[in-house]
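Enquirer: Before we start, here is the structure in question, set down as structure tokens.
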Amino acid sequence: MKAIDTLQKLSIRKSLIDIKAYNFLVIAFLLILLMVLIFTSICVGSSSIEITDVFKALFKDGPLTSEYKIINYVRIPRTLSAILAGSGLAISGLILQSVLNNALASPTIIGVNSGAGLFTALATVFFPANFNIMPLAAFFGAFLATIVVYFVARKTGASRMTIILAGVAVSSLIGAITDTVLIVFPDTVINRTSFIIGGLSGVTMNRLLVPGIIIFISMIVTLIFSYDLNVLSLGDQTSKSLGLNVDRTRFLFIILSSLLAGSVISFAGLLGFIGLIVPHLSRLIVGYDNRILIPVSVLIGSSFALFCDILARTLFAPYEIPVGIIMSFLGSPFFIYLLLNRKRRHV
Amino acid sequence: MIRLENVTAGYMDINIIKNISLTFEKGKIISVIGKNGCGKTTLLKTAARIIEPYSGDILLNEESILNMTNKETAKVISYLPQNRDIPNIKVYDLVMHGRFPYLGFPRIPTNEDKIKVEEALHILEIEKYKSKNIRELSGGERQKVYIAMVLAQDTEIVFLDEPTTYLDINHQLEILEVVKNLKKMGKTVVMVIHDLNSALTYSDMVCLMDRGEVVVYDKPQVVYESGKIERIFNIKCHEVCVPFHNSKYFLLTLK
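The listed protein sequences derive, respectively, from chains A and B. If you're matching positions, the first sequence starts at 1 in the working numbering and goes up one per residue. If you're matching positions, the second sequence starts at 1001 in the working numbering and goes up one per residue.
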């Protein structure tokens, strides 16, 4: 926690130094941290591989040794999936916290989790043997639930509050439908549980390709419109009087947020907590400007997910703990710490 | 000059202002007064296109603004709402948001934008706060920052919804002096105001509203003498001459 205090002192002093230089330093530091974590993530795991063998597997088209297979077919996809999941959820949460001006907002609020929950349940009912359909079902479920939430809210003006209320109502309804499906078809519970708990084990490059592309494009679009997100946080009336098309901008961002979270759910299941905590931590370090907050959240989100995943794989190796559990164990006390100090920090 | 023609508007299909026609002349200060819930804010919001009217037209220099894009409107009309969140933002950055209508992609301010922001900070005398977070400021200081943002927006028409409400007397007078300054710059200022003394002494025109309609719209003296203020607010107005001071004061008491 001392590191955070030092960072905070630095950020208070940053008006005295050059803000740009400070931001550059932060990004440089986070990039180095991410690089170190990526390297660690590829090097460590339940089977120990010598570093020289790791390099051989990475840079040479060597023989198909078991080391080569582990590095290329297990650890690299897994590292990539942690980066995508961490950054995707962080930006999804950041967008929602800004758009809804609500510090507690996370993808759950726009129905992403409940939608994915229902569609995966339906998928196991109708295609019990086909496990490949699960990611697709999760993605479309998440996306469709968001659309329903938005259009219900729109009927009453699509203000920040109506979106949150519509989210709660629609999620609750979808949850009831899901429970009904699970009671009528009790066999589906087991198939689905492992998917819903979430985790990054067994992810392949093939399964990452489409979500990866969607996450990447959504992030670029978010970055392009990041200044509009700043203006939107002034409130509906003020941003409208500044010439921002409030409804269209809010709709765009909610869709982006849903695409990001839905894509992550499709390969990692429900790992919601990053979306709540990373934006808060990033704001603490670089302030409120989304133009810098977005890249910083991407870096912190990826690093946090990677760090948790490394722990999940190594703490009790060869057994593995679901990464979501590690995230909650590390994230919750930290988040409580942030809450206790939020007055002082304008978080 | 902005003109409303037979404008009816409201929320959720309930008409709050009904068939209003009036003209806000260029370079004048216009105060809109009336009881709570009479439609003052709705009138301002409609004229500033924050909400769309159900019927009627709004003409800026004889051209309808209802067909303009949001950004085009924001270059000619600014509106400062009464109830605002207090965002987590530095003074300079907030004032820079006033330049948003002029920013193209990728939203990088030009030198002109920066000069306008510096000017606005200078006019409102808030340069010393410019790297402070607005959450650290008092209500009065914050109001000045918002007015600086509106000034940076550089529009012909400025709508202010209760700019002096909740402020201490010193800040109220400061804001009213800023309003006078805006007039000197040739801007039209239309404000909702609850303090009848300020409305009658600072404005060129006073618009008295009741139940969604304009009761009287004229020079302050005429509105005062019509006796309609007394009737609508159900009060007694006494004109008092302040000794050694060349201005009028209105003593308001319950009937």
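Here a beta-carbon is modelled for each residue, glycine too, at the ideal position from N, C-alpha and C.
(1) Answer yes or no: does any C-beta atom of chain A fall closer than 8 Å to that of residue 1071 of chain B?
(2) I need the boundaries of the beta strand (DSSP E) containing residue 1018 of chain B, first residue and last residue.
(3) Give me the Cβ distance between residue 87 of chain A and residue 298 of chain A, rounded to the nearest whole Å; I'm assuming they're in contact under 8 Å.
(4) Quick one: which residues of the stretch 233-246 of chain A get their C-beta closer than 9 Å to a C-beta of chain B? List them in chain order.
(5) Shorter than 8 Å from the beta carbon of residue 101 of chain A to some beta carbon of chain B?
(6) Where are the beta strand (DSSP E) runs, 3 residues long or more, that stay fully inside the stretch 1019-1070 of chain B, in chain order?
(7) Would you identify the three-state DSSP class for residue 1078 of chain B, choosing helix, strand or coil?
(8) Please classify residue 134 of chain A: does DSSP put it in a helix, a strand, or coil?
(9) Do the CB positions of residue 164 of chain A and residue 118 of chain A come within less than 8 Å of each other?
(10) Based on the DSSP secondary-structure assignment, which residues constitute the bridge partners of residue 1191 of chain B?
(11) Can you check whether the CB of residue 267 of chain A is closer than 8 Å to the CB of residue 313 of chain A?
(12) Quick check: the stretch 217-229 of chain A against the stretch 144-154 of chain A, are at least 3 beta-carbon pairs closer than 8 Å?
(13) Could you name the residues of the stretch 1147-1158 of chain B whose beta carbon sits closer than 8 Å to any beta carbon of chain A, in the order they occur along the chain?
(14) Taking the alpha carbon of residue 21 of chain A as the point to measure from, which residue in A/311, A/340, A/278 and A/286 has its own alpha carbon closest?
(15) Please confirm if the stretch 251-263 of chain A is in contact with the stretch 78-93 of chain A, defined as three or more CB-CB distances below 8 Å between the two stretches.
(16) Pop quiz: residue 1058 of chain B and residue 1002 of chain B are said to be a contact at Cβ under 8 Å. What is the actual Cβ separation, rounded to whole angstroms?
(17) First and last residue of the beta strand (DSSP E) that includes residue 1083 of chain B?
(18) Roughly how far, in whole angstroms, is the beta-carbon of residue 1193 of chain B from the beta-carbon of residue 1076 of chain B, given that I think they are within contact range, below 8 Å?
(19) Could you give the first and the last residue of the continuous beta strand (DSSP E) run that contains residue 1003 of chain B?
(20) Please give me, in chain order, every unbroken run of the alpha helix (DSSP H) with length at least 4 that falls completely inside the stretch 28-116 of chain A.
(21) Just mark residue 1053 of chain B as buried or exposed, buried being the case when its beta carbon has 16 or more other beta carbons within 10 Å.
(22) I need the straight-line Cα distance from residue 1254 of chain B to residue 1237 of chain B, nearest angstrom please.
(23) For the alpha helix (DSSP H) holding residue 161 of chain A, just list the boundary residues, first then last.
(24) Just to confirm, are residue 137 of chain A and residue 149 of chain A a CB contact at a threshold of 8 Å?
(25) Taking its Cβ as the centre, do 16 or more other Cβ atoms sit within 10 Å of residue 16 of chain A, making it buried, or is it exposed?
(26) Could you tell me which whole alpha helix (DSSP H) segments of length 4 or greater appear in the stretch 1133-1187 of chain B?
(27) For a cutoff of 8 Å on Cβ pairs, would you count residue 1015 of chain B as touching chain A?
(28) With DSSP as the reference, identify every bridge partner of residue 1072 of chain B, one or two as the case may be.
(29) What does DSSP give as the partner residue(s) for residue 1208 of chain B in the beta ladder?
(30) Rounded to the nearest angstrom, how far is the Cβ of residue 1095 of chain B from that of residue 1148 of chain B, given a contact under 8 Å?
(31) Would you say residue 224 of chain A lies against chain B (beta-carbon separation less than 8 Å)?
(32) For the alpha helix (DSSP H) containing residue 279 of chain A, list its first residue and its last residue.
(33) Within a Cβ cutoff of 6 Å, which residues of the same chain sit near residue 1159 of chain B, ignoring the five residues on either side of it in sequence?
(34) How is the alpha helix (DSSP H) around residue 333 of chain A delimited, first residue to last?
(35) What do you reckon, are the CB atoms on residue 1039 of chain B and residue 1008 of chain B nearer than 8 Å?
(36) Quick check on residue 1125 of chain B: does DSSP put it in helix, strand or coil?
Expert: According to the structure data:
(1) yes
(2) Residues 1014-1024.
(3) Contact flag correct, Cβ pair sits at about 4 Å.
(4) 233, 234, 235, 236, 237, 238, 239, 240, 241, 242, 243, 244, 245 and 246
(5) yes
(6) 1029-1034 and 1055-1060
(7) strand
(8) helix
(9) no
(10) B/1031 and B/1160
(11) No, they are not a contact pair.
(12) In short, these stretches do not touch, since the Cβ pair count stays below three.
(13) 1153
(14) The shortest C-alpha separation from residue 21 of chain A is found at A/286.
(15) Counting C-beta pairs with one atom in each stretch, the stretch 251-263 of chain A and the stretch 78-93 of chain A have three or more that are closer than 8 Å, which means they touch.
(16) 7 Å
(17) Premise fails: residue 1083 of chain B is in no beta strand (DSSP E) and is neither H nor E.
(18) Rounded, the Cβ-Cβ distance is 23 Å, inconsistent with contact.
(19) 1002-1011
(20) You should have 51-59, 66-69 and 76-99.
(21) buried
(22) Distance between the alpha carbons of residue 1254 of chain B and residue 1237 of chain B is about 9 Å.
(23) 160-184
(24) No.
(25) Note that residue 16 of chain A scores a pLDDT of 48, beneath 50, so its modelled location is shaky; the value from the coordinates is reported in the next line. By the neighbour-count definition (other C-beta atoms within 10 Å, threshold 16), residue 16 of chain A is an exposed residue.
(26) 1139-1153 and 1169-1184
(27) So, not an interface residue.
(28) Answer by DSSP bridge pairing: none, since residue 1072 of chain B is not bridged.
(29) B/1033 and B/1216
(30) Right, their Cβ atoms sit about 5 Å apart.
(31) yes
(32) 273-286
(33) 1044, 1048, 1079 and 1190
(34) 323-340
(35) no
(36) coil
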